[in-house]
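For what it's worth, the working numbering labels the leading residue of the sequence shown as 1, then goes sequentially.
As structure tokens, the structure follows; a few thoughts come after it.
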Amino acid sequence: MKNRLQIYGILWKQYLFKYKWWILFVLIFALAAGVAGGKSVHKESDYRGITAGVCWSDEKGRQLLTKLEQEKGIFKFQGFENVSEMIREVENGTLECGYELSWDFYEELLNGKAKRQVTLYYSPASSTHKISFEIVFVNLFEMLSEDILRHYLRENGFGNGTGEDVDRLLALNKQYAEDGSGFHFVYETTQEKEDKAPENLNSFRGCMAVMMFLMCLLGLGNALEQERIWKALPGHLGRQAKSGYIHVAVLGSILTGGLCLLLQGMLSHRVSFSKEIVALLAYAVVLEIYVRVLNLFIKKSREVYGLLPVLVLGSCLFSPVFIRMENYLPAVLWVSKIFPTTYYLRLFF
Numbered sequence: 001m002k003n004r005l006q007i008y009g010i011l012w013k014q015y016l017f018k019y020k021w022w023i024l025f026v027l028i029f030a031l032a033a034g035v036a037g038g039k040s041v042h043k044e045s046d047y048r049g050i051t052a053g054v055c056w057s058d059e060k061g062r063q064l065l066t067k068l069e070q071e072k073g074i075f076k077f078q079g080f081e082n083v084s085e086m087i088r089e090v091e092n093g094t095l096e097c098g099y100e101l102s103w104d105f106y107e108e109l110l111n112g113k114a115k116r117q118v119t120l121y122y123s124p125a126s127s128t129h130k131i132s133f134e135i136v137f138v139n140l141f142e143m144l145s146e147d148i149l150r151h152y153l154r155e156n157g158f159g160n161g162t163g164e165d166v167d168r169l170l171a172l173n174k175q176y177a178e179d180g181s182g183f184h185f186v187y188e189t190t191q192e193k194e195d196k197a198p199e200n201l202n203s204f205r206g207c208m209a210v211m212m213f214l215m216c217l218l219g220l221g222n223a224l225e226q227e228r229i230w231k232a233l234p235g236h237l238g239r240q241a242k243s244g245y246i247h248v249a250v251l252g253s254i255l256t257g258g259l260c261l262l263l264q265g266m267l268s269h270r271v272s273f274s275k276e277i278v279a280l281l282a283y284a285v286v287l288e289i290y291v292r293v294l295n296l297f298i299k300k301s302r303e304v305y306g307l308l309p310v311l312v313l314g315s316c317l318f319s320p321v322f323i324r325m326e327n328y329l330p331a332v333l334w335v336s337k338i339f340p341t342t343y344y345l346r347l348f349f
């Protein structure tokens, strides 16, 4: 046991001496990425979106404002009861634009009087007020649509616009569509697509996963380079030393990558220590098995170094490092299982 500990101590010293500059470079990279990530988080928290005002005078205006306040996007809508106050906010740049809803605007729109029911105020410097049109009027027409249908049914002799009246109208629509006696068009809504993970992933974690894989491969190549030294050692000592070196290479890569991830996560305030540590332990097991299986088929360091470009580029391309390639090419999912980085990164989505 004492001899084994001494061997591991020597192997760790050798590993740290060989890769000290590589480890230092990766730590500096993680530090820079963490600082940049922290700044972006503060910018995101400070960003409150583009504010637009809505001045309402009656209950329907209040209902429209409530719907607009629930909208999720770049626009944030703020209510006003005094139009002068809203205009002043537009003039001083606090609001990007402002909508004034006239008294009884809803009823006037139902009666076909569309002019001067909604007034838009904006400054000459405004560049995004036109984008707010869609949000405001989509919500307004959503409110109007049911009342317009009921009004149409009443005017055309379909009763009071109840469910039975709607069924009668749909039956006539089907009849006229099938016999070709009238113009026919159909609105269809598409089914909701299944939720997919976003294409843009945590690229820093992906790069660290590839880096840890690369360090393991370099460790295997270095172990094969020292094959003569292992064979010169007496008894089982050579095999133990070689196996220990591979083990040290895997643990060293995990410790380096894990330290970088935790450092970057703390600086950018985006880290879950428990999940990160569990994922790294699982990745260590996967890398240990992968490298040892690879060693069963590859006996020369030259062959390992020859495979490095294929394995590293394949990991970047087929594993979810930058994008999920299987979203575009489903067959890639099977190819990605060749690379250990895939199993690690999939633990996070």
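The beta carbon of each residue, even a glycine, is placed where N, CA and C say it ideally should be.
*Pick helix, strand or coil for residue 44, following the three-state DSSP scheme.*
Low confidence applies here, because residue 44 scores a pLDDT of 48, under 50, leaving its location unreliable; read the following figure in that light. Reduced to three states, the DSSP call for residue 44 is helix.
If you draw a straight line from the alpha carbon of residue 51 to that of residue 35, how long is it in whole angstroms? Roughly 30 Å between the two C-alpha positions.
(message) By the three-class DSSP mapping on this structure, what secondary structure does residue 338 have?
(response) Of the three classes helix, strand and coil, the one that applies to residue 338 here is coil, per DSSP.
- Message: Among the candidates 332, 315, 82, 327, whose CA atom is the shortest distance from the CA of residue 345?
- Response: Checking every option, the nearest Cα to that of residue 345 belongs to 315.
*Does DSSP put residue 60 in a helix, a strand or coil?*
In the three-state DSSP reduction, residue 60 falls in the helix class (H, G or I).
- prompt: Based on the DSSP secondary-structure assignment, which residues constitute the bridge partners of residue 55?
  reply: Residue 55 has 80, 100 as its beta-bridge partners, per DSSP.
*Hey, residue 347 and residue 249 are a contact pair by Cβ (cut 8 Å); roughly how many whole angstroms apart?*
Not really, about 22 Å apart at Cβ, beyond 8 Å.
Report task. Would you check if there are 3 or more beta carbon pairs closer than 8 Å linking the segment 15-35 to the segment 59-66? Result -> Taking a cut-off of 8 Å on C-beta distances, the segment 15-35 does not touch the segment 59-66, as fewer than three cross pairs fall below it.
My output table needs one value for residue 75: the three-state DSSP class, helix, strand or coil.
Note: residue 75 maps to strand in three-state DSSP.
- Query: What do you get for residue 54, buried or exposed, if any count of 16 or more other CB atoms within 10 angstroms of its CB means buried?
  - Reply: The residue in question, residue 54, is buried, as its Cβ has 16 or more Cβ neighbours within 10 Å.
Close-in-space but distant-in-sequence residues of the same chain around residue 29 (CB under 8 Å, 5 per side omitted): Excluding residues up to 5 positions away in sequence, 260 lie with their Cβ nearer than 8 Å to the Cβ of residue 29 in the same chain.
query = For residue 131, which residues from the same chain have a beta carbon less than 7 Å from its beta carbon, with the 5 sequence-adjacent residues on both sides left out?
reply = The answer is none, since no qualifying residue turns up.
Original post:
Can the beta-carbon of residue 85 be found closer than 8 Å to that of residue 77?
Top reply: Against a cut-off of 8 Å, the Cβ pair of residue 77 and residue 85 comes out as no contact.
- prompt: Can you tell me the Cα-Cα spacing of residue 262 and residue 322, whole angstroms?
  reply: Going by the C-alpha atoms only, they are around 20 Å apart.
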